[in-house]
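Structure first, commentary second.
In full-length UniProt numbering, the protein residues as written are 1 to 504.
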């Protein structure tokens, strides 16, 4: 079809314009500039270079992505018509040029040939001006892609395409997720030109800089001290590794997967408690404690040679992608019910591929209910699965009758083993009643626990008012105090104090 020869105009000054580029632009082939907003364009005019600038596409499209797609389509059309053209871009063709990437992606399939000329990148001048050695680690990103997942505080970070203060505000918000507001960044404009500007400022002032334009670059130095580094996942792993090392903490060193089981459960419940109390500050801490258990298990797995933290993250990521085909694949899911159906189907397919599900007991509907979850939650799940196939009381009355039946059987038992057995049946029956009433038994029990705490505290207050201990009061007196506390708590719930809400 045609040949598109891509050349670079250099970073800005005429001194940075490669002589070979100027020669190619004077070769007689039609010349196209991605933008005429470049310092050397006036020099090209003086040299008699005839060109067509593509700036009009910036006005015709709503997004930069569409702008560059339209430019690439136009250049392909011109190459077909004119057989050979020169396409000149700012800086170096391979540095921060979306259109070049689009041309390279589709040229061969459309029958076009791409040729690349030389170029001098503004990145070279920025690194030299700021004294940055890229071998130490360099992150080079577009201002539109500044998100926490893209950032690495350990590396030199250079942010380009920050055209205006609105874009600077977006960059500031993205950086502030990783760095503190006072973290020093450097704003560089027009390096190597007469109106060069280099300004070091705290991050929070980034969108207040007055000279931001298409020649502006932001440099964020690597973090070497706290507190920024403490927000990195890799630093947490290093801390846990140190705790488990011979020079670490004796308690952490002696832990095993088995010994940590109680702490995993405890931390999970403390997360739930913080959520129920709607205490977001405490929730942050409790989630951290739970994450510590994950990192400890990952470190132990690494030491034993079975797995490491990266394996844990990779396995989870693969599972999330695999079980959400309606998000990452071609499937669709109109509602939560459809999502759950897909999830269960995919789980069963995974088990079949892994050779699981062949044991007779695994063919049961109840095999889908994990045995490792808390007993109260397990009983709810078991009953729900049974109910799905019709194994259930028609209404709550049948469940209530079963509670009475199990209570009577408990009363008739004598041995501890029988009592434990019948008490389990009674608890299971109570859970069934809760399910029929649409009540979460765990939530109901938590509410009962909270009431008991309040009322017991009320009893303690009454004892303290009399300077008594529990041994000083008879059961009748304690019952009286209990009723008093119960009534007081009920009144407080019905008529709360006017200054106990969150506004005061």
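All residues carry an ideal CB built from backbone N, CA and C; glycine is no exception.
From the DSSP secondary-structure annotation, give me the bridge partner or partners of residue 140.
158
Are the Cβ atoms of residue 155 and residue 139 separated by less than 8 Å?
yes
Using the beta-carbon count (16 or more within 10 Å), is residue 57 buried or exposed?
buried
Classification of residue 16 by the beta-carbon crowding that lies within 10 angstroms, buried from 16 upward:
buried
Write down every uninterrupted run of the alpha helix (DSSP H) in the segment 331-415 whose length is 4 residues or greater and which is fully enclosed by it, in chain order.
336-353, 375-388, 396-411
Sub-8 Å separation of residue 191 and residue 11 beta-carbons:
yes
Do you know offhand how far residue 371's Cα is from residue 349's?
20 Å
So, using beta-carbon positions, are residue 92 and residue 8 closer together than 8 Å?
yes
Let's see if you can read the secondary structure: which residues bound the beta strand (DSSP E) around residue 300?
Looking at the DSSP string, residue 300 is not in any beta strand (DSSP E); the run it does join, the alpha helix (DSSP H), is 280-304.
Span separating the alpha-carbon of residue 95 from that of residue 266:
51 Å
Excluding five sequence neighbours on each side, which residues of the same chain lie with their C-beta closer than 7 Å to the C-beta of residue 171?
143, 146, 159, 162, 206, 218
Pair within 8 Å by beta-carbon distance, residue 428 and residue 379:
yes
When DSSP builds the beta bridges, which residues end up paired with residue 84?
3
Can you name, in chain order, every residue of its own chain whose Cβ lies under 7 Å from the Cβ of residue 59, other than the five neighbours on each side?
none
Note down the Cα distance separating residue 61 from residue 48, rounded to an integer number of angstroms.
31 Å
C-beta atoms of residue 104 and residue 115 nearer than 8 Å:
no
Residues in its own chain within less than 7 Å of residue 333 by CB, not counting five upstream and five downstream?
326, 339, 342
Can you give me the C-alpha to C-alpha distance between residue 215 and residue 131, rounded to a whole angstrom?
19 Å
Complete alpha helix (DSSP H) runs within the segment 32-63 (minimum length 4 residues, chain order)
41-46, 56-60
Of the choices 243, 262, 183, 211, whose alpha-carbon is the least far from that of residue 224?
183
Going along the chain, which residues of its own chain have a beta-carbon closer than 6 Å to the beta-carbon of residue 101, five neighbours each way excluded?
none
Going by beta carbon distance, what residues of the same chain come within less than 7 Å of residue 24, once the five residues before and after it are set aside?
5, 7, 86, 117
Which ranges does the alpha helix (DSSP H) cover as unbroken runs of at least 4 residues, wholly within the segment 233-284, from first to last along the chain?
233-244, 250-253, 261-276
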